[in-house]
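*Asks:* Sending over a structure as structure tokens; questions will come in a sec.
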Amino acid sequence: MGDESQSARPLHPGGGANQLRVRAYNERLVLSLVRRNIGLSKADIARLSGLSAQTVSVIMRALEKDGLLKRGDPVRGKVGKPSIPMALNPDGVFSFGLKIGRRSAELILMDFVGTVRASLNEAYKYPTPDGIRKFVRTSVEQLSGGLSPAQRQRIAGIGIAAPFELWNWVEEVGAPPEDMSAWREVDLIDTIGEIVPFPVFQQNDATAACGAELVFGAGPNYSDFAYFFIGSFIGGGVVLNQALYAGKTGNAGAFGSMPVPSRSGHPSQLIDQASIFVLEEMLTREGRDPALLWKDPDYWHQLGATLDLWIDHTARGLAIAITSVCSVIDFEAVIVDGGFPKDVCARIVDATRKAMLKLDLQGIATPHIEQGMVGSAARAIGAASLPLFSRYLLDQNVLFKQMA
1 MGDESQSARP LHPGGGANQL RVRAYNERLV LSLVRRNIGL SKADIARLSG LSAQTVSVIM
61 RALEKDGLLK RGDPVRGKVG KPSIPMALNP DGVFSFGLKI GRRSAELILM DFVGTVRASL
121 NEAYKYPTPD GIRKFVRTSV EQLSGGLSPA QRQRIAGIGI AAPFELWNWV EEVGAPPEDM
181 SAWREVDLID TIGEIVPFPV FQQNDATAAC GAELVFGAGP NYSDFAYFFI GSFIGGGVVL
241 NQALYAGKTG NAGAFGSMPV PSRSGHPSQL IDQASIFVLE EMLTREGRDP ALLWKDPDYW
301 HQLGATLDLW IDHTARGLAI AITSVCSVID FEAVIVDGGF PKDVCARIVD ATRKAMLKLD
361 LQGIATPHIE QGMVGSAARA IGAASLPLFS RYLLDQNVLF KQMA
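Numbering (full-length UniProt numbering), first residue to last: 1 to 404.
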């Protein structure tokens, strides 16, 4: 999750949170190694980083003094002094992550080790700029209220994960065109920056989810993988050599636009075959309330045959898309996640693996198809990661090169 994958302009430079300075490269390297390898001693860090033992000692004393690192219990060996394992201090830094979706918004408060401390959600028929501003203002105030004054001073910023061109697909969302067109004039970084007293960062929502999987999920197990996130509309991300590849415009992995034939053989896109809005339409035709998909996770388990049919439909579209993606890049794995309960995701992954067996895969190395580990909050978690990586951590590919 490097600079190429995020847009950011620090705002309110005099704010209290900005007293947490951006750490120097070697400090970020040490913090990243400790995050990636729990329980490292100073000797381990010196070996992995290539820095001298004296330099590592100086850096770690400074990081511990600043509350970013904490000591574990001494580990005694057969000879010599016991080693002291180090870990990130969960209370060392906090960040907010805002997900703006076409059916719901979510704000999370995340600590330095990636644990979500608190979250708030709001479902709606479609998002409006005024509605999002109100949600952020009240939610940031409420979640900040759960922190002590000292902890509030350690908020590094807020990251935003939102679809590019929110005004598109108006018909699918069922929103009045004039309401969605209002997003054309909105700069989210400026808009949210007027509400909060700390730096604001932004990233495409599916790319943010992919970044969360890379850092906190199954990502470290694979050098290269394609990532599909099924929300209101399906999107995705691309990881190459342990690095999130955002592309020229930050929209790499826009898998929803991939040509996928419909069941009747007519031309269509993956977005029309493997998105939650397809399930919404099915429920509407049956006279059931699709809004409950976003308000009540247990509602998914009441859908019966309708859910079965949607999963089958989704898996077919995913299998075709995965075949196309892997014919271009020889991905080691494909990771699938989405805005639904984990057991629903497991069923989609299993059905996709079976659908792949029905396709002609000659000339293509079949990738591992895995369920995402981060889950439905992946977009918000990826967003919350942006301030942390901007100030304190190195992205995955830099870290892996250092450790190689």
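Think of the CB as a built atom: it goes at the ideal place given N, C-alpha and C, for glycine as much as any other residue.
In this text the structure is predicted, and so the values were computed from the model without any measurement.
Could you tell me which residues DSSP pairs with Pro259 in its beta bridges?
*Replies:* Gln269.
*Asks:* Distance check for Phe277 and Gly50, CA to CA, integer angstroms please.
*Replies:* Rounded to whole angstroms, Gly50 to Phe277 spans 51 Å at the Cα level.
*Asks:* Leaving out five residues before and five after Thr284 in sequence, what residues of the same chain have Cβ atoms less than 7 Å from its Cβ?
*Replies:* Once the five neighbours on either side are set aside, the close Cβ partners of Thr284 are Pro290.
*Asks:* Can you tell me the Cβ-Cβ gap for Val140 and Val215, rounded? I've got them flagged as a contact below 8 Å.
*Replies:* Their Cβ separation, rounded to whole angstroms, is 23 Å, which puts Val140 and Val215 out of contact at 8 Å.
*Asks:* Can a CB atom of chain B be found closer than 8 Å to the CB of Ser95?
*Replies:* The question asks about chain B, but that chain is absent: this structure has only one protein chain.
*Asks:* Between the region 335-352 and the region 215-233, do at least 3 Cβ pairs fall closer than 8 Å?
*Replies:* Taking 8 Å as the limit for Cβ pairs, the verdict is that the region 215-233 does touch the region 335-352.
*Asks:* State the DSSP-derived secondary structure class of Ser119, mapped to helix, strand or coil.
*Replies:* Residue state, collapsed to three classes: strand.
*Asks:* With a cut-off of 8 Å on the beta carbons, I'd call Met110 and Gly217 a contact; round off their distance for me.
*Replies:* That pair is no contact at about 14 Å.
*Asks:* Mind checking which residues open and close the alpha helix (DSSP H) that includes Ala378?
*Replies:* Segment Ala378 to Arg391, the alpha helix (DSSP H) holding Ala378.
*Asks:* Express the C-alpha separation of Gly256 and Asp44 in angstroms, rounding to a whole number.
*Replies:* C-alpha separation (whole angstroms): 44 Å.
*Asks:* Return the residue from the list Ser390, Phe340 and Arg379 that minimises the CA-CA distance to Gly97.
*Replies:* Here the closest residue by C-alpha is Arg379.
*Asks:* Please go through the same chain and pick out, in chain order, the residues whose beta-carbon is closer than 8 Å to the beta-carbon of Ser41, but skip the five residues on each side of it.
*Replies:* So the qualifying residues of the chain are Val75, Ser83, Ile84, Pro85 and Met86.
*Asks:* Any idea if Arg9 is buried or exposed, counting beta-carbon neighbours within 10 angstroms, 16 or more meaning buried?
*Replies:* The predicted position of Arg9 is uncertain, since its pLDDT is 42 and thus under 50; a value taken from the coordinates is nonetheless stated next. The residue is exposed, with fewer than 16 neighbouring Cβ atoms inside 10 Å.
*Asks:* Quick one: is Glu163 buried, meaning 16 or more other Cβ sit within 10 Å of its Cβ, or exposed?
*Replies:* Here residue 163 turns out to be Pro, not Glu, going by the sequence shown. With 16 or more Cβ atoms within 10 Å of its Cβ, Pro163 is classed as buried.
*Asks:* Which class does residue 411 belong to by DSSP, given the choice of helix, strand or coil?
*Replies:* Since the first and last residues shown for the chain are 1 and 404, residue 411 lies out of range.
*Asks:* Considering only the alpha carbon of each residue, which of Pro176, Tyr222, Gly193 and Ile160 lies closest to Thr207?
*Replies:* When each option's Cα is compared against that of Thr207, the closest is Ile160.
*Asks:* In chain order, what residues of the same chain lie with their CB nearer than 8 Å to the CB of Asp179, ignoring the 5 residues before and after it?
*Replies:* The residues are Tyr126 and Thr128.
*Asks:* Quick one, are the C-beta atoms of Arg61 and Phe233 less than 8 Å apart?
*Replies:* Contact: no.
*Asks:* Can you name, in chain order, every residue of its own chain whose Cβ lies under 8 Å from the Cβ of Met356, other than the five neighbours on each side?
*Replies:* Here the set comprises Ala319, Ile322, Thr323, Thr366 and Ile369.
*Asks:* In the structure shown, what three-state DSSP assignment does Ile108 receive?
*Replies:* Note: Ile108 maps to strand in three-state DSSP.
*Asks:* Could you name the residues of the same chain whose beta carbon sits closer than 8 Å to that of Asp330, not counting the 5 residues immediately before and after it, in chain order?
*Replies:* Only Asp224 and Ala365 meet the Cβ criterion.
*Asks:* For a minimum of 3 consecutive residues, which ranges assigned as the beta strand (DSSP E) are wholly contained in the UniProt domain "HTH crp-type" (32-81)?
*Replies:* For the UniProt domain "HTH crp-type" (32-81), whole beta strand (DSSP E) runs of length 3 or above, ordered along the chain, are 69-71.
*Asks:* Classify Ser83 as helix, strand or coil using the three-state DSSP reduction.
*Replies:* Of the three classes helix, strand and coil, the one that applies to Ser83 here is strand, per DSSP.
*Asks:* When burial is assigned at 16 or more other CB atoms within 10 Å of the CB, is Arg184 buried or exposed?
*Replies:* Per the 10 Å Cβ criterion, exposed.
*Asks:* So, with DSSP's three-state summary, where would you put Pro149?
*Replies:* Of the three classes helix, strand and coil, the one that applies to Pro149 here is helix, per DSSP.
*Asks:* How many angstroms separate the CA atom of Ile311 from the CA atom of Gln269?
*Replies:* Whole-angstrom Cα-Cα distance: 17 Å.
*Asks:* Count the other CB atoms within 10 Å of the CB of Lys308; is the residue buried (16 or more) or exposed (fewer)?
*Replies:* Before going on, a small fix: residue 308 reads as Asp here, not Lys. So Asp308 ends up on the exposed side.
*Asks:* Could you work out which residue in Ala346, Lys134 and Phe112 is closest to Leu120 when comparing CA atoms only?
*Replies:* That would be Lys134, whose Cα lies nearest to the Cα of Leu120.
*Asks:* Quick check on Arg47: buried or exposed, where buried means 16 or more other Cβ atoms within 10 Å of its Cβ?
*Replies:* By the neighbour-count rule (16 or more Cβ atoms within 10 Å), Arg47 is not buried but exposed.
*Asks:* Give me, in chain order, the residues of the same chain whose beta-carbon lies closer than 6 Å to that of Gln19; leave out the 5 immediate sequence neighbours on both sides.
*Replies:* Only weak support exists for where Gln19 lies, its pLDDT of 41 falling under 50; the value from the coordinates is given anyway. Around Gln19: no qualifying Cβ.
*Asks:* Over the uninterrupted beta strand (DSSP E) stretch that includes Phe229, give me the two end residues.
*Replies:* Start and end: Phe225 to Ile230.
*Asks:* Could you check what DSSP says for Ile195 in three-state terms: helix, strand or coil?
*Replies:* In the structure shown, Ile195 sits in coil (DSSP, three-state: anything other than H, G, I, E or B).
*Asks:* Considering only residues of the same chain and omitting the five flanking positions on each side of Arg28, which have a CB-CB separation below 8 Å?
*Replies:* Excluding positions up to five away in sequence, the list reads Tyr392, Leu393 and Leu394.
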